[in-house]
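In my numbering, the protein residues as written are 405 to 712.
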């Protein structure tokens, strides 16, 4: 939930999203960073930024591997975030030491179109970003979420070719399957279940989402446009999604000082998916702003080793 100036991109291009059909290529796009707008299957324009992997090998106590040029990280931000927030740009720079990085703004956030559905149709935004991330020739994709984005990456991985996933939005499964599932999934500070109001920060989050006056505050105060309609049907919950992700490697990361979601949230999906790993980080708070660079590099190492 940070604020600040946008991150730098080397050039920009506006255009529709398109998919490669059965084509294998070397990594292209000239090794430069740039911005474009993708279009989801339901017609929403999604502001997206591509950053190539770092050109040089980086050494240090927190980084044990050179960057992998066949791996791309797709970063899903939290509620009220966007691709240009300083904390998201910091995360992109950290993961670029391990592979290429795609960041994007969910619908209703930042420069993207549409209105936020708080994790429901956002799975279509992630599907478009994953599909685009593969286009320059990256053969491996790791999806990494923070907070609200956690429910999205778990559902996206679970819906990769399994129908509607049990209560997902009608277009979710086809978009996820069309993009191809991820090769590794990381959930940082994510919820395990919907409608949680057990902490004061989460009660504050629900206020702009459930009241007309709150949605006005969200639009003008938080720069987040929130849809007024309730979910129908209710999407597959994160904890329900986890068993369907196997055998794709899954890492669940959570701080023991997270003020939004207590530790029963990460423990529920960790227990539901025996193929996954759980890291409880001592002293860490919530989401992007609380994730130290050392943790980001450990996650990057994990993804390079586990993503296929």
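No residue lacks a Cβ here, since even glycine has one placed at the ideal position from N, Cα and C.
{"query": "Would a C-beta distance cut-off of 8 angstroms place residue 595 and residue 669 closer than the cut-off?", "result": "yes"}
{"query": "Cα separation between residue 513 and residue 709?", "result": "32 angstroms"}
{"query": "Measuring straight from C-alpha to C-alpha, what distance separates residue 711 and residue 546?", "result": "7 angstroms"}
{"query": "Note down, one range per segment and in chain order, each alpha helix (DSSP H) of at least 4 residues found wholly within the segment 629-661.", "result": "642-645"}
{"query": "Does DSSP classify residue 483 as helix, strand or coil?", "result": "coil"}
{"query": "Enumerate, from N- to C-terminal direction, the unbroken beta strand (DSSP E) stretches of 3 or more residues contained entirely within the segment 664-696.", "result": "681-685"}
{"query": "Output the boundary residues of the alpha helix (DSSP H) element that contains residue 526.", "result": "526-538"}
{"query": "Tell me whether the beta-carbon of residue 640 lies closer than 8 angstroms to the beta-carbon of residue 559.", "result": "yes"}
{"query": "What's the gap between the Cα of residue 440 and the Cα of residue 472?", "result": "23 angstroms"}
{"query": "Determine the burial state of residue 632: buried for a count of at least 16 other Cβ atoms within 10 Å of its Cβ, exposed for fewer.", "result": "exposed"}
{"query": "Within a Cβ cutoff of 7 angstroms, which residues of the same chain sit near residue 520, ignoring the five residues on either side of it in sequence?", "result": "510, 511, 512, 513, 628, 629, 630, 631"}
{"query": "What would DSSP say about residue 520, mapped onto helix, strand or coil?", "result": "strand"}
{"query": "Does DSSP put residue 494 in a helix, a strand or coil?", "result": "helix"}
{"query": "Could you pull the start and end residues of the beta strand (DSSP E) that residue 544 belongs to?", "result": "544-550"}
{"query": "Can you tell me whether residue 660 is buried or exposed, with buried defined as 16 or more other CB within 10 angstroms of its CB?", "result": "exposed"}
{"query": "Measuring only the C-alpha atoms, how far is residue 588 from residue 603?", "result": "30 angstroms"}
{"query": "Would you identify the three-state DSSP class for residue 443, choosing helix, strand or coil?", "result": "strand"}
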